[in-house]
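A.B. asks: The following block contains the structure, expressed as structure tokens.
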Amino acid sequence: MFHFGVDYYPEHWPEERWREDARLMAEAGFNVVRLAEFAWSRLEPSQGTFDFAWLDRAMNTLARHGMHVVLGTPTASPPPWLMSLHPEAFLVRETGQRVSYGNRRNYSPTSAVYRDYSKRIVTKMAEHYKHHPAVIGWQIDNEFGDRDYDAPAFRSWLERRFGTLQRLNERWGTAFWSHEYGDWNEIPVPLATAGVPNPGLALDFARFCSEAYVAYQRMQVEILRKHCPEHFITHNMMGFRYELIDYFDLAYDLDLVSWDNYPRGFWNIAADVDPSTMALGHDTMRGLKGTNFWVMEQQAGAGGWDLVSVMPKPGELRLWAYQAIAHGADGIVFFRWRTARHGTEQYWHGLLDHDARPGRRYHEIKRMGQEIARVGQTIEGSSVKARVAFLLSYDSRFALQIQPHNPGFGYAEQFQGLYRALHARNVAIDVVAPSADLSRYDLVVAPSLYVLTAKTAEQLERFVEAGGTLLVTPRSGVKDDANAVVELPLPGLLARLCGVVVEDYDSLPVGRSNALEYAGVEGAVGSAWCDILTPHGAEVVAHYGEDYYAGQAAITMNVFGRGRALYLGTLGNDVLNDALVARLLDLAGLEPGPSEVAGVEVSERWLGGTKLVFVLNHTESEQVVTLADGVYHDLLADRLVEGELRLAAREVLIVQAEAQA
Ligand code: GLA
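Under this note's numbering, the first residue of the sequence shown carries the number 21, and numbering increases by one thereafter.
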């Protein structure tokens, strides 16, 4: 069953209202609700006193209207009694201050006492709901994150990692500035008050913080697996943009990846929605386990805590939900059902406004609900097939947070710039870990593999040797696993594969760029960082046009085995990225996607030999799209179509075609 539903907080509303809510949900075509994720104070009103009666009643009302339930474990928002009893369970901020009560997600994931209380509430819930017929799955906690600057836990993690202080001192190079540690208790956390930290220490601290949540989640996973083996277990992540947790590690213990998608959620990013930003979020989430995912919170209205973001325009909620499906979502759950009257999120709008009258947004999603009832079955289980992979290295991302090099050099921005250029050509993309099996891809884009292991370097060599096309970008192969700079000419372990040496480099002043001489391409420039390259077997693809390195290589290409490795020495503007991806596709023998009308996304899901083509008009006006030769079944309108089609602003078309041999 394709899961289509909403996040609901019955505890925010009088019980007399529940039945009407359930009725309206069913009318909208919903078949699933997520419940209870912040309801700890209702489920355990005082220490050791549990009350599930209200939730049972809410679930039964919803179940009578056909809803399945995903239960949230409520550990993201501990009740006041718990934190008053154990203020030591609050996490510590970078400033060294322990947080105080009043928000959520502010506990320390390594706190033994917090883990004990968490175990207890999760066990009680699991025992109570293991046989409830409406329950299909569990969401653990809510959007894990935030680093906990708690020194004792970090020290024991380091002891497990290094075994001896001698090894730690050696790996971090603590002879620098006399930081040689003689006792585990001397080791600090990288507090803001300490200033710029040792990069080895800071990277291990980032890893520790990420692993702390992985371990805390695993504790809950084990309880739920034991009691509820029939239910799936997920966690709602935050897509590509979140950068404090290694999501590959976090996803490892889960049955299903889900995430929260808010294209216009925040005041500062709400003005212009870039479809490639959402697409990258979806592709990243699909890549975590290499399989379909859910959107557990799909934007349902304007976002807002203190500032209110732009209201989604007519058609956008449905368009974004279909975009998620096009990228592999098998479940869409809107956040939230009704806009809350109280609390920090009074202006985080749901499908219904405060007054609960079904309005424009409700009706838009109800229309989608009717469509899903007809086509959901066809879509579910089909999958995205990509020949292009982007490597997402959380180690490199963490290490570049510690030393960003240049205010214009962002790991995520660089990644997204290259992704956007390929997305604009409607190419299917997987986002995978550097350790992933690359043999099924023709093209691999590896943005700044700054922290590089010998294993990854060998794997990339094997990929290219076997005929693959690889793009490597600046600041690759610079650091080893301990975040120490390698002693090799850069790009270090990738120099042989790329047939190039970084002879010199330049960190450009803000606002400056270097015009590139790239045959046939007008307006290509590099900014923020310029690696000045000396080819050692590679052919020069582009030269710098300015400064003391004018005429020296900026982009190179090296034939290696049956494939080729390209080295891009700078951060390209859109012109450069676009020209480069065209060349990469050509080299890899890949065709761009079916349509190239700007702002119209075309994405495919495959069902065996049959493909479903999603055409998504993200623009503000009608567009004409031309289908490849053949007759197609327009699934939403249930009619046969061919040739040129008109697609209204923010409209969606899903056509089914037999695979062309
Ligand atoms: C996140 C959380 C939700 C809610 C929304 C809106 O995605 O998971 O609980 O807070 O943001 O702020």
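A virtual CB, placed ideally from N, CA and C, is assigned to each residue, including glycine. Since the structure is predicted, the reported quantities are computational estimates derived from the model, not experimental observations.
#1: Please report the straight-line C-alpha distance between N123 and F164, rounded to a whole angstrom.
#2: Could you check whether M388 and R338 sit closer than 9 Å to each other, using their CB atoms as the reference points?
#3: Applying the criterion that 16 or more other CB atoms from any shown protein chain within 10 Å of the CB defines a buried residue, is K499 buried or exposed?
#4: Measuring alpha carbon to alpha carbon, tell me which of F196, Y267, N205, I243 ends up nearest A226.
#5: Work out the CA separation of D594 and A535 for me, nearest whole Å.
#6: Please tell me whether, using a cut-off of 8 Å, the distance from the CB of Y233 to the nearest non-hydrogen atom of the ligand GLA is below it.
#7: Among E481, F410, L632, Y470, whose alpha-carbon lies nearest the alpha-carbon of V451?
#8: Assign W197 to one of two classes, buried (16 or more other C-beta atoms within 10 Å of its C-beta) or exposed (fewer than that).
#9: Check whether the Cβ atoms of A548 and A562 sit closer than 9 Å, and answer yes or no.
#10: Taking only three categories from DSSP, how would you classify E507?
#11: Does the Cβ of A48 have 16 or more other Cβ atoms within 10 Å, making it buried, or fewer, making it exposed?
#12: Measure the beta-carbon distance from V520 to P555 and round it to whole angstroms, keeping in mind my assumption that it falls under 8 Å.
#13: Just to confirm, does Y282 get its C-beta within under 8 Å of one of the non-hydrogen atoms of the ligand GLA?
#14: Less than 9 Å between the beta carbons of V645 and E624, yes or no?
#15: Based on DSSP bridge pairs, tell me the residues matched to W626.
#16: Out of P210, H88, A599, E40, which has the shortest C-alpha to C-alpha gap to L438?
#17: In the DSSP assignment, what are the bridge partners of W314?
#18: Please classify V675: does DSSP put it in a helix, a strand, or coil?
#19: Within 10 angstroms of the Cβ of A668, are there 16 or more other Cβ atoms? Answer buried if so, exposed if not.
#20: Below 8 Å, is the gap between the Cβ of N162 and the nearest heavy atom of the ligand GLA?
#21: Within its chain, find whatever has a CB closer than 7 Å to the CB of R381; leave out the 5 residues flanking it on each side and keep chain order.
#22: Which of the three DSSP states, helix, strand or coil, is assigned to V133?
#23: For a quick check, are the C-beta atoms of I253 and W158 less than 9 Å apart?
#24: Return yes when the Cβ of L508 is within less than 9 Å of the Cβ of L480, no when it is not.
#25: From the DSSP secondary-structure annotation, give me the bridge partner or partners of L591.
#26: For the alpha helix (DSSP H) holding S61, just list the boundary residues, first then last.
#27: May I have the straight-line CA-CA distance separating P153 from D350, to the nearest angstrom?
#28: Going by C-alpha distance, which of S61, T81, A73, G335 is nearest S97?
#29: Relative to the alpha-carbon of G428, which residue among T590, W368, M87 has its alpha-carbon at the smallest distance?
#30: Classify A681 as helix, strand or coil using the three-state DSSP reduction.
#31: Give, in chain order, every unbroken run of the alpha helix (DSSP H) that is at least 4 residues long and sits entirely within the segment 463 to 496.
#32: Measuring straight from C-alpha to C-alpha, what distance separates E206 and L178?
#33: I'd like to confirm the pairing. Which residues does DSSP put opposite M577 in its beta bridges?
#34: L102 lies in the alpha helix (DSSP H); which residues open and close that run?
C.D. replies: In this structure, then:
#1: 14 Å
#2: yes
#3: buried
#4: Y267
#5: 13 Å
#6: no
#7: F410
#8: exposed
#9: no
#10: coil
#11: buried
#12: 5 Å
#13: yes
#14: no
#15: S403, K631
#16: A599
#17: S278, G351
#18: strand
#19: exposed
#20: yes
#21: A320, G321, L337, L371
#22: helix
#23: yes
#24: no
#25: S547
#26: 60 to 63
#27: 21 Å
#28: S61
#29: T590
#30: Residue confidence is low: A681 scores 39 on pLDDT, short of 50, so the model does not pin down where it sits. Its coordinate-derived value is still stated next. If DSSP states are grouped into helix, strand and coil, A681 belongs with coil.
#31: 474 to 485
#32: 12 Å
#33: E559, L586
#34: 100 to 105
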